[in-house]
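Student: One structure, pasted below without further comment.
Protein chains: 2
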Amino acid sequence: MKYNIDTSEKILNAATHEFEEKGYNGTRMQGIANRAGINKALLHYYYKSKDALFQIIIHKAFKVFIPQIVSVFEEDTDLFTTIEKFTSSYIDVYIKNPRVPSFITQEINNNPERLVNLIQSSGVNVEIFKNKIIKAVKEGQIIDIDPEQLIVNIVSLCLFPFVAKPIVTKLILRGNDKDFDRFMEKRKNEISTFIIKGIRK
Amino acid sequence: MKYNIDTSEKILNAATHEFEEKGYNGTRMQGIANRAGINKALLHYYYKSKDALFQIIIHKAFKVFIPQIVSVFEEDTDLFTTIEKFTSSYIDVYIKNPRVPSFITQEINNNPERLVNLIQSSGVNVEIFKNKIIKAVKEGQIIDIDPEQLIVNIVSLCLFPFVAKPIVTKLILRGNDKDFDRFMEKRKNEISTFIIKGIRK
DNA sequence: GTCTATAAATTGATAGAC
DNA sequence: GTCTATCAATTTATAGAC
């Protein structure tokens, strides 16, 4: 056998954590090796280069997280239900993977093009969501709001708390990680109420 | 004279741009020198080390941006006016300095403690804002909402679009930088309406 | 004050033994 | 498959001439 699947997994796991915490430029191959309990040479045996390793990880992240989001878009329900489902499942994904939003945010800065391409090739189609909003406006269910503004509102309210987690935790909640988790659990269930109240006619 | 103030400024300017674009770990002293039109040795003559340079810049960023925010908190106006003024001036600051939110976000990941200390020592007191919200709830002006959730809502809606600028621009607006600027100008004037509608009784 | 040259340390990657 | 040793390139920082 050419590869030890267990070692391969250990490396991928360690690398994921390192990249999530420190970003691409902040991560050291030595750091990944230490975390995986192996040495640098073995890293290069399993994964050709730092960049190759990174690309595998970011692809994997999107393979996991994007489909859950897309499926909600495409369901044939009314706008309010879509918003409820989207916010709830979106926040839930990141409660279980709290470092991913920061990871993605760092990648936005380092390589915006790659990220945009990745999302687009993942099959995310914002137009479906836009059309649902436009329809709701036309039918008089919600106030006259730009679909773009509303979408940005929804995503901002879900994602930003994770990106600014230390600030939210220490400065606003004046607490610890447990407090943040409680805060986000509550948010998961309540944020759609805030949004819908803000657009309902 | 020991320092050429003009050169000193040129360096600081170049370094600010480099750090904002590439983050601490992505920035090279050579890159700063190139941008400033001088050489590396002179960088170290004016600023002891990369880290020292970075600290000066991030301190300066906060000295500029924090007071404008704090002042709005402390004004003795009702909650709705506070929200209107805060969102408008907050977004306006970042329209003029669009890379700062990403810069700060990166620093959140690299050194959360330093950032929290910096903000606290800048005199930001969230309690004043919290109390204003609690009072508005008690007096029946707004629905029963957690002050923490509302504050996070407000900040998220203002800041996140800047952090995710490339995604917003290309994926949601399907446009360019000009479109993003228009989008944020509109947002600056309208976002408080959305927030207030979401909490008003 | 500003430059060239170079030291000193770090880091991604490879060679080769076992 | 996994390791030690080492290379080659990069990068921060300093020494010293002008």
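Protein sequence lines correspond, in order, to chains A and B. Taking our numbering, the leading residue of the first sequence gets -17, the next gets one more, and so forth. Taking our numbering, the leading residue of the second sequence gets -17, the next gets one more, and so forth. C-beta: ideal position from N, C-alpha, C; glycine also.
How would you label V150/A, buried or exposed, when you count the other beta carbons within 10 angstroms and need 16 or more for buried?
Tutor: With 16 or more other Cβ atoms within 10 Å, it is buried.
Student: For I181/A, does the three-state DSSP call read helix, strand or coil?
Tutor: Helix at I181/A.
Student: Rounding to the nearest angstrom, what Cα-Cα distance links S138/B and E3/B in this structure?
Tutor: Cα to Cα, the separation comes out at about 21 Å.
Student: Quick one: what's I124/B bridged to in DSSP?
Tutor: Bridge partners of I124/B: R182/B.
Student: Three or more beta-carbon pairs under 8 Å between the region 127 to 134 of chain B and the region 163 to 173 of chain A, yes or no?
Tutor: With the cut-off at 8 Å, the region 127 to 134 of chain B and the region 163 to 173 of chain A touch.
Student: For the alpha helix (DSSP H) that L132/A lies in, which residues bound it at each end?
Tutor: Per DSSP, L132/A belongs to the alpha helix (DSSP H) from 129 to 145.
Student: Taking C-beta pairs closer than 7 Å, name the residues in chain A that N135/B reaches, listed in chain order.
Tutor: Ordered by position in chain A, the residues that pass the 7 Å Cβ test against N135/B are L139, F176.
Student: Under 7 Å Cβ-Cβ, which residues of chain A neighbour K152/B?
Tutor: Within chain A, the residues near K152/B are V98.
Student: Can you determine whether any heavy atom of the ligand GDP sits closer than 8 Å to the C-beta of E3/B, and answer yes or no?
Tutor: The model depicted lacks the ligand GDP and carries no ligand whatsoever.
Student: Assign G8/B to one of three DSSP states: helix, strand, or coil.
Tutor: Three-state DSSP puts G8/B in a helix.
Student: Taking C-beta to C-beta, are C140/B and T69/B nearer than 9 Å?
Tutor: Yes; because the gap between Cβ atoms is below 9 Å, this pair is in contact.
Student: Please say whether F111/B and L55/B have beta carbons closer to each other than 9 Å?
Tutor: This sequence places Phe at residue 55/B; Leu is not what is there. Their beta carbons are under 9 Å apart, which means F55/B touches F111/B by this criterion.
Student: According to DSSP, is T19/B part of a helix, a strand, or is it coil?
Tutor: This sequence places Gly at residue 19/B; Thr is not what is there. Coil.
Student: What's the C-alpha gap between V114/B and I133/B?
Tutor: The sequence shown places Lys at residue 114/B, rather than the Val named in the question. Approximately 11 Å between the Cα atoms of the pair.
Student: Give the secondary structure of P148/A by DSSP, where H, G and I count as helix, E and B as strand, and everything else as coil.
Tutor: DSSP places P148/A in helix when its eight states are reduced to three.
Student: Pull up the CB-CB distance for M166/A and I77/A, whole angstroms please, since I reckon it's below 8 Å.
Tutor: Indeed, because the Cβ distance is near 5 Å, the residues count as touching under 8 Å.
Student: Looking at the C-beta of L155/A, does it have a partner C-beta in chain B at a distance below 9 Å?
Tutor: Yes - at least one Cβ of chain B is within 9 Å of the one on L155/A.
Student: Considering only residues of the region 64 to 99 of chain B, which uninterrupted alpha helix (DSSP H) runs meet the minimum length of 4 residues and lie entirely inside it, listed in chain order?
Tutor: Segments of the alpha helix (DSSP H) lying fully in the region 64 to 99 of chain B: 82 to 92.
Student: Applying the 10 Å Cβ sphere with the 16-neighbour rule, what's the burial state of N135/B?
Tutor: So N135/B counts as buried.
Student: When you compare the region 25 to 43 of chain A with the region 84 to 103 of chain A, are there three or more beta-carbon pairs, one atom per stretch, that lie closer than 8 Å?
Tutor: Touching, yes, given that three or more Cβ pairs across the two stretches are closer than 8 Å.
Student: Classify S53/B as helix, strand or coil using the three-state DSSP reduction.
Tutor: Three-state result, S53/B: helix.
Student: Does the distance from the C-beta atom of S104/B to that of V52/B stay below 9 Å?
Tutor: Yes.
Student: Who are the near neighbours of F47/B in its chain, counting only those whose CB is closer than 8 Å to its CB and skipping five residues on each side?
Tutor: So the list reads V75, N79, V82, once near-sequence residues are dropped.
Student: Does I127/A have its Cβ less than 9 Å from a Cβ in chain B?
Tutor: I127/A counts as touching chain B.
Student: Looking at the C-beta of Q50/A, does it have a partner C-beta in chain B at a distance below 9 Å?
Tutor: Cβ-Cβ to chain B under 9 Å: no for Q50/A.
Student: If you measure from the beta carbon of K117/A to each beta carbon in chain B, is any gap under 9 Å?
Tutor: So no, K117/A is outside the interface.
Student: Hey, does V106/A have any beta-carbon neighbour from chain B nearer than 9 Å?
Tutor: By this cut-off, V106/A is an interface position.
Student: Which residues in the same chain have their Cβ closer than 6 Å to the Cβ of S84/A, if we skip the five residues on either side of it in sequence?
Tutor: Cβ neighbours of S84/A beyond the five flanking positions: V145.
Student: Mark T63/A as exposed unless 16 or more other C-beta atoms lie within 10 angstroms of its C-beta, in which case mark it buried.
Tutor: It is exposed - the Cβ of T63/A has fewer than 16 other Cβ atoms within 10 Å.
Student: Apart from the five residues on each side of it in sequence, which residues of its chain come closer than 6 Å, Cβ to Cβ, to A15/B?
Tutor: Correct list, in chain order: N21, K22, L25.
Student: Does the beta carbon of E56/A come closer than 9 Å to any beta carbon on chain B?
Tutor: Chain B, which has no Cβ nearer than 9 Å to the Cβ of E56/A, makes this no.
Student: Starting from the Cα of S(-10)/B, find the closest Cα among L100/B, N7/B, K30/B and give me that residue.
Tutor: Minimum Cα distance to S(-10)/B is reached at K30/B.
Student: Mind listing the chain B neighbours of Q37/A? Cutoff is C-beta to C-beta under 9 Å, in chain order.
Tutor: Near Q37/A there are no residues of chain B at all, since even the closest Cβ is about 17 Å away, more than 9 Å.
Student: Could you have a look at T29/A and say whether DSSP puts it in helix, strand or coil?
Tutor: A small fix is needed here, since residue 29/A is Tyr in this sequence, not Thr. Here Y29/A sits in coil by DSSP.
Student: Does any residue of chain B have a CB that is nearer than 9 Å to the CB of N92/A?
Tutor: So yes, N92/A belongs to the interface.
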